[in-house]
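Under the working numbering, the first residue of the sequence shown carries the number 24, and numbering increases by one thereafter.
Each remark here refers to the structure printed beneath this line.
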Amino acid sequence: MTVRVTTLKGADAGAYYVEQLPNYYLQSGEPRGVWLGDGAPMLGLAGEIADDDFLALMAGMDPQRPDRHLGRRYDDKSARGYDVTASAPKSVSILFALGDDDVRRDVLDAHDAAVTALAGWIERHAHTRYRIGGEVAVVDAEGIVAAMFRQHTSRALDPQLHTHLVIANRVKSPDGRWLALDARTIKKDQRALSAIYHAGLRAELTQRLGVRWHQPENGIAEIADVPEALILEFSARTAEMRRRLDEKLDRFADSMGRDPTPRERWRLEREAAVDSRPRKSKSVDAAQLHDDWRDQARAIGMEPSQVIEDAVDRVFLREPIDPDLDDLIADWAVGAITEQQSSWRPAELVREVAALCPTETAAEAETIVRWADNLADRVAAERCVDISKPIPSGALLRRDGRPVSESAIDRALTTQAILDQEHGLIVWADHRFRHDGRDQPAAATYSEVPLTAPQADAAAAVAGRSDLVLVVGPAGTGKTTALAPAVAHLRANGRPVFGVAPSAAAADVLSDGTGIVADTLDKLLIEHRLDRPPDHRYDLPAGATVIVDEAGMVSTTKLTELAILADTRGWRVALVGDPMQFSAVGRGGMFGLIVDTFGAIELDRVHRFEHEWEREASLRLRRGDVEVAEIYDQHGRLHGGTVEQMERASVARWWEIRQEGKRELLVTPTNEATERLNVRCQRLRIRAGEVDPDGRSIGVGPYRIHVGDEIATRQNDRRLHTDRKDMVRNRAIWTVDTIHPDGSLSATGKHGSVHLPARYVNEHVELAYARTVMASQGRNVHGGLLFADSPMDVRTTYVALSRGSGTNEAFFAVVGEQTALDFLVQSMSADWIDLPATSRQAELNDTAPHRPGLLDGPVLRKLIGDRQAILAQLDSADSFLRRLPATQRELERDIAGARLTIANAEAEYRRAEAVIDAHDRPLHRRKHEADLNAARRELARQPEIARRAEVAIEAAEQELARLATQGARSKATLNRRPELESIIAEIDGRLTHDRRVRTRIARLEGPAAVIDTLGPRPRDVQTAQEWDQEAGRVHQHRAAFATPDDVGPRRSRPDRSPAVAQPVPNIEPPSIGL
C-alpha cells in the first residue's frame, strides 16, 4: 500500500464522499470526516465535516456564503480537488482488525497522526499561480483546505485502514484571492508523500505499541511479527470482488448500452463487495466485520489474541530520533538516490531520508516529517549541486528560496560526481571521434538482402576503423540487418568482434540476428574486474570491435566502466540502440546525450510493418506526436472498456493469433496485470487441451504450472546448461515437458532441453504467455498486443505498439467517459525516463548541448588568422635571408663605386685647379681660354659629383645596417621555427578536429547551407567520401566567415579545395610576438 493522488473532476466530484463512502463506524461515534489545513478556518470550517459545507467547497463556493464563488467558476472539466489516499500496510490493518479496543484506538490514532503530518507537509509546500507584471508567478499558498475521511476496509471488506485526504482546489494567495492549487508537486511527489506517511506511521506505532518492522522496501514496511499467511489471507478477497465488479459493469453496459454514471458505479461496487463475502450473512456493520475477521484468522489456525500478543510490545527500548545518525542517513540517502536518478527535486531527497528513518525510532509523526524535511535541506545544501536556472538579481523569492518566476517542479539537484561522470563520457566520446578512421563500404556486400543507404552507412561504419560508432535504430528500421554484414566483414578480414547487451535475452537476439558471439555487458565487465585473468571468450585483443546493442538501456555507471575498459584494452566500440525507447533501470540516458552531442547514423526507414500507414505512424508515436493517436484509432487498433472486458478481449485476440500459427506478444506495464493475463491465457490452453490440468503440477508464486505450459526463466544461471551447452538465461521461454516429484522440472526451449532444480523453479520461474512491456523491447512478432489498466508514458507506449509486423493493438481499461483514444493521448503526453543531469541542466537553462571540438565563428577566424600570420612571417624571414647576401654584396659594390667616384672627382678637381694655376695669367688666358673654361666647369661640377657619391655611400651604409638588423630579426624568427611550427600544428589540430566534427554534422544532419553548395551526398562510395571532406570544409568556412547560404559556387561534385578556407579581407592579424 502507498499514497496515491487522484484528480477529482466534474459536478459529482464531492458526491462520493458524502453519499457512497462506507460508514460502518459512525454508530460508534466516529465523525464522517474532519477538516484540516490552515485554509479551513479562513472559511469558517473546523471539526466535523458537514455534508453541505463539503459539497459547497467542492463546487467552488464559500461554505458560509453559498452565493459567493471562491475564484473563477468551475466548468464540467475543471479539477475540483485532489484525493490523496494514504493506505496503511496490511499488517497494520490486521492489528486494527484483530486487536482489542485499546489496540484499535492506538492504531487509529497513529494512522491519523501520520495523515495529519502528511497534510502539514503538503501545506508547507503548497503553491498557487498568478501573473505579476504580465509573467506567471508561482507563489506560496496561505494554507490548504482539506477534508480527512478515514476508512477501515477495502471495497472487498477486507481490513484496510486508509484515509481519503481530499484537498480542495482552492487556496488563499498572498494577495487575498482564492486561486487554484498548483497541484503539479503533489502529483509528481506521490512517492515522497508515501515515504513521509509511512515513516510517520512506523514511528507512531513503535512509540504506542512497541511493534517491530521489516526493513522498508520503497519506503514501506510490514510489521515483522504479523504472519505472512495472515497478510495473504486478508488480501485474497480483493481479486474476487474485482472479478464480480467487472462482471456487473459488463452486464450493465450490455443491458443499458452505456457505461454507468459515478453513482451507479458506486452502487455496483457495494454490491460486488457484499457478494464476495463468504458468509451467508451480508451484514456489514462494524461489530460484524470484526467478528468475521477474527473467524477468518481462526480458520487458518491463528488465534487473534495470540497474533496481537506476538506483535506488540516487542521493542523495549523505544528510541527517539538520534541526531548522531544524521550524517550516516545523509550518506545513505545520497547513495540511494544517485543509484536511481541523475538529478532530483528536493522532495525526492525528503523521500529518501524518510524511507531511511530507523524502524526502531519512536516519535510523533510530525516530528519525523520535520526531521526528514530539515535533513533533506542539509543534504541539498552540503552534498548536492544545484543545476537549476540561476536566481536573477533582485528576484522575488518564495519560502523555499526560489524565485517566483520558477516553476515549483523545476528545481533540480545532482552531485558533482554525477556531473563529472557524465562529462567524462562526453570527453571520452570526443577523444574517440578525434580518430576519424575510414569506413568500410565493402561491408554492405556481405548482406544477404539489399540495404537502404542508412543501413549501408551503419554497416560500413561498424566494420570501419573509427574508435567510436553511434547508430540509432528506431523499432523496425532493420538495425540487425545492418549489423549482420558488418560482423561478417569484420570476421572475413580477421578482425575480432564481440557483442554485448544489457540483458541475456537482448544478447540472444543480437546473436541470432547477426551470428555474433554475444553476452551480457555485466558479464564482460565482471570478467575484467576479477583478480584472475578474464576467460578467453572475454579476453578480447586490442583492435577488437565491441558492439553494444540496446545501448539506450545501459546505465551511466556501466557505460563509464566500459569506456575505461575499452580505452585500457584498445577496443573499438559501436553503440547501437534507440534513445527514444526504454532507458536504464536507474541512472542513465547517456547514449541519448552522446547522440545529441555528436550525431549518429540514424536508420530512418521502417521495414517491420506490413501496413504502409503504420511505418510513418510508428515514428510519430516515437516522437510523442499525440495527433497520431487518431490514426491508430481510425485503423481499429485501439479498444476500450472495463478491466474485465479488456482482459478478456486482449487474451481472446492473443489466442486468435496463436491459432493462426503466427507469433504473438501480449504485454502490459505492470507485474500485477501480467499475472492476471497469464492465468487467463493458461485457462484457454487448458480448455483447448494443450495443457494437462490433471497430471502432476507445481505451485510457483501466483501460478500453478502444468506439463505443456510455457514458462519463462527469470534469472541468468551459468551453472545450469541445456543439452546444447547453453546457459539458462533470464526471460528465456520454455515448454514444460516433465514435472518431477521433487518439484524440479524438465523443459525445452530454443537452445535445447534443460533440467531446472526445484529451488530455481520456486524462485525464478513464471508463466510466459504475457510479459511486461520492458521485457518485450527488442522482440519482433506478427501480432503485438498491449493491455493497460494503469498510467503509462510515451516510451512504454511506443515499445508496446511497435513489436508486431502484422498488427499492434491496445486494450485500455477506461473509466467513466474516458475513451481508448483519451488513454493513448494521456500516455503519450508523459515521459518518465531519467535524463542525464547535464541534459536536465541544459533544459532548465535553455541551452543546447555543446559539441566538443566545434568552434564558433570568432574563434575560427582568429585561429585561421594566427596560422596565416605565422606562415607569412616564416616565409618572409626565409626569403629575406636567402636574398640578403646578394643584396649586401650589391650595396658594398655600390659603396666602392661611389668612393671611386669621389676619388676621381677629387683628382679631376685637382687637375682643374692645376690648369687654372698654370694658365690663368694675363699672357696665357687668351691662348688657353678653352682649357680654363673647362677647368672652371670641373671645379663647379666635381664637388656635386662627390657630394652625391657621399650621399649614396651614406644611404648604402644605412641600408646595410637596416639589412643587418632585419637579418638578425629574421634569424631570430627562424631560430623559433620549432616553436612556431608547434603552434601551427596545434592550430591545425583544432581546425582539423572542428572540420571533422562538421563533416559528421554534414553527413548525419545535412545542413541546408552545405547541401545548397555541394548538392545532396552522393551514394557512390568514393564520391561520397570526397563529399564528406568537402562538406566539412564548406561548413567550417561558413561558420568562420558567416557566408550567406546562397553564396558560393555550386558544384556537381567536390573539387580539390584548400585544406583551410581563405580569410576574408580586413581580418586583423593577431599579436603573436614575432
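For each residue, glycine too, the CB sits at the ideal point set by N, CA and C.
Kindly identify the DSSP beta-bridge partner or partners of V41.
For this step, residue 41 is matched to residue 18 along the sequence shown. According to the DSSP secondary-structure assignment, V41 is paired through a beta bridge with no residue.
Which residues does DSSP pair with H92 in a beta bridge?
Here residue 92 is taken as the residue at index 69 of the sequence shown, counted from 1. In the DSSP output, where bridge partners are listed per residue, H92 has M84.
Test item: CB-CB of I918 and A979 under 8 Å
Looking up residue 918 in the sequence shown gives position 895. Looking up residue 979 in the sequence shown gives position 956. Yes, Cβ-Cβ distance for I918 and A979 is below 8 Å.
Considering only the beta carbon of each residue, do D163 and R422 sit closer than 8 Å?
As a working mapping, residue 163 is identified with position 140 in the sequence shown. As a working mapping, residue 422 is identified with position 399 in the sequence shown. Cβ distance < 8 Å, so D163 and R422 count as in contact.
Output the distance between the C-alpha atoms of L491 and D453, rounded to the nearest integer angstrom.
Position 468 of the sequence shown, counted from the first residue, corresponds to residue 491. Position 430 of the sequence shown, counted from the first residue, corresponds to residue 453. Cα to Cα, the separation comes out at about 9 Å.
Using only the alpha-carbon positions, how far apart do I968 and A957 sit?
By one-based count along the sequence shown, residue 968 stands at place 945. By one-based count along the sequence shown, residue 957 stands at place 934. The C-alpha of I968 lies about 16 Å from the C-alpha of A957.
Once the 5 residues before and after Q230 are set aside, which same chain residues still bring their CB inside 7 Å of it?
Against the sequence shown, residue 230 aligns to sequence position 207. R341, A385, A386.
Compute the Euclidean distance between the alpha carbons of R147 and A203, then round it to the nearest angstrom.
Reading the sequence shown from its first residue, position 124 is the one you call residue 147. Reading the sequence shown from its first residue, position 180 is the one you call residue 203. Cα to Cα, R147 sits roughly 16 Å from A203.
Give me, in chain order, the residues of the same chain whose beta-carbon lies closer than 8 Å to that of L420; leave out the 5 immediate sequence neighbours on both sides.
Sequence index remark: in the sequence shown, residue 420 carries index 397 (1-based). Within the same chain, L420 has close Cβ partners I414, P426, V427.
Extent of the continuous beta strand (DSSP E) to which Q340 belongs:
For the purposes of this step, residue 340 is identified with residue 317 of the sequence shown, where counting begins at 1. The sequence shown places Leu at residue 340, not Gln. Counting along the chain, L340 falls outside any beta strand (DSSP E), and DSSP gives it neither H nor E.
Tell me the rounded alpha-carbon separation between R214 and T475.
Indexing the sequence shown from 1 puts residue 214 at position 191. Indexing the sequence shown from 1 puts residue 475 at position 452. As the crow flies, the alpha-carbon of R214 is around 46 Å from that of T475.
Inter-residue CB distance, A137 and L232 (contact presumed, cutoff 8 Å):
Along the sequence shown, one-based indexing puts residue 137 at 114. Along the sequence shown, one-based indexing puts residue 232 at 209. No, A137 and L232 are not in contact; Cβ-Cβ is about 14 Å, not under 8 Å.
Cβ contact (3+ pairs, closer than 8 Å) linking the stretch 735-743 and the stretch 787-806
Segments in contact, yes.
Where P966 and R884 are concerned, what is the direct C-alpha to C-alpha distance, given to the nearest angstrom?
Position 943 of the sequence shown, counted from the first residue, corresponds to residue 966. Position 861 of the sequence shown, counted from the first residue, corresponds to residue 884. Each residue's alpha carbon lies about 59 Å from the other.
Just tell me which of P197, A541, G60, T29 has its CA closest to the CA of K21.
Residue numbering for the chain in the displayed model covers 24 to 1097; residue 21 lies beyond these limits and cannot be assessed.
Ignore the nearest five residues each way along the sequence and tell me which others in R890's own chain have a CB closer than 8 Å to its CB.
Translated into positions along the sequence shown, residue 890 becomes position 867. I1007, I1010, D1011, L1014, V1083, listed in sequence order.
Could you tell me the boundaries of the alpha helix (DSSP H) in which T504 lies?
Indexing the sequence shown from 1 puts residue 504 at position 481. Segment 502-515, the alpha helix (DSSP H) holding T504.
Kindly provide the ranges of any beta strand (DSSP E) runs that are 3 or more residues long and lie completely inside the stretch 547-584, ordered along the chain.
Listed in chain order, the complete beta strand (DSSP E) runs (minimum 3 residues) inside the stretch 547-584 are 568-571.
Is the Cβ-Cβ distance between D572 and V599 less than 8 Å?
Residue 572 sits at position 549 when you count from the first residue of the sequence shown. Residue 599 sits at position 576 when you count from the first residue of the sequence shown. Note that the C-beta distance between D572 and V599 is below 8 Å.
Measure the Cβ-Cβ separation of G990 and L897 and say whether it is below 8 Å.
If you number the sequence shown from 1, residue 990 lands on position 967. If you number the sequence shown from 1, residue 897 lands on position 874. No, Cβ-Cβ distance for G990 and L897 is not below 8 Å.
Minimum length 4: unbroken alpha helix (DSSP H) runs contained in the stretch 201-244
Correct list: 207-211, 213-232.
Between A169, S114, Y220, Q849, which has its C-alpha nearest R193's C-alpha?
On the sequence shown, residue 193 is found 170 positions in, with the first residue counted as 1. Of the candidates A169, S114, Y220, Q849, the one whose C-alpha sits nearest the C-alpha of R193 is A169.
Short of 7 Å in beta carbon distance, which residues of its chain neighbour W355, apart from the five on each side in sequence? Order them along the chain.
One-based indexing of the sequence shown puts residue 355 at position 332. L379.
Is it buried or exposed for Y40, if we count other Cβ within 10 angstroms and need 16 for buried?
Taking the sequence shown and counting its residues from 1, the one referred to as residue 40 is at position 17. Its Cβ being crowded by 16 or more others within 10 Å, Y40 is buried.
Whose CA, out of A527, G575, D869, lies closest to the CA of H774?
By one-based count along the sequence shown, residue 774 stands at place 751. Of the listed residues, the one whose Cα sits closest to H774 is A527.
Tell me the DSSP bridge mates of E639?
Along the sequence shown, read from residue 1 onward, the residue named residue 639 stands at position 616. Within the DSSP secondary-structure output, E639 pairs in no beta bridge.
In the DSSP assignment, find the unbroken alpha helix (DSSP H) run with I360 in it and report its ends.
Translated into positions along the sequence shown, residue 360 becomes position 337. Counting along the chain, the alpha helix (DSSP H) containing I360 begins and ends at 349-363.
Closest residue to D443 among P477, E371, T579 (Cα-Cα distance):
Against the sequence shown, residue 443 aligns to sequence position 420. Nearest C-alpha to D443: T579.
Going by DSSP in three states, N192 sits in which element: helix, strand or coil?
Here residue 192 refers to the residue found at position 169 when the sequence shown is read from its first residue. Correct three-state label for N192: coil.
Using only alpha-carbon positions, find the residue among Q87, G56, A843, Y97 that is nearest to A34.
Taking the sequence shown and counting its residues from 1, one reaches residue 34 at position 11. Checked all of Q87, G56, A843, Y97; the closest Cα to A34 is Y97.
DSSP state of W58 mapped onto helix, strand, coil
On the sequence shown, residue 58 is found 35 positions in, with the first residue counted as 1. DSSP places W58 in strand when its eight states are reduced to three.
Going by alpha carbons, who is nearest to T21 out of V485, A975, M815?
Residue 21 lies beyond the residue range present for the chain, which begins at 24 and ends at 1097; the question has no answer from this structure.
Which residue's Cα is closest to the Cα of R826: Q311, P497, A1032, P881?
Position 803 of the sequence shown holds residue 826. It is P497 whose Cα lies nearest to the Cα of R826.
For F172, name the three-state secondary structure that DSSP assigns.
As a first step, residue 172 is located in the sequence shown; it is residue number 149 there, counting from the start. In the structure shown, F172 sits in a strand (DSSP, three-state: E or B).
Would you tell me roughly how many angstroms separate the C-alpha atoms of R934 and A995, rounded to the nearest one?
In the sequence shown, the residue the question calls residue 934 occupies position 911. In the sequence shown, the residue the question calls residue 995 occupies position 972. Inter-residue distance for R934 and A995 is about 52 Å (C-alpha atoms, whole angstroms).
Under 8 Å by Cβ, that's how I've got A823 and V730 pegged, so tell me the actual separation to the nearest angstrom.
Along the sequence shown, one-based indexing puts residue 823 at 800. Along the sequence shown, one-based indexing puts residue 730 at 707. With 8 Å as the limit, A823 and V730 do not qualify as a contact, their Cβ atoms being about 31 Å apart.
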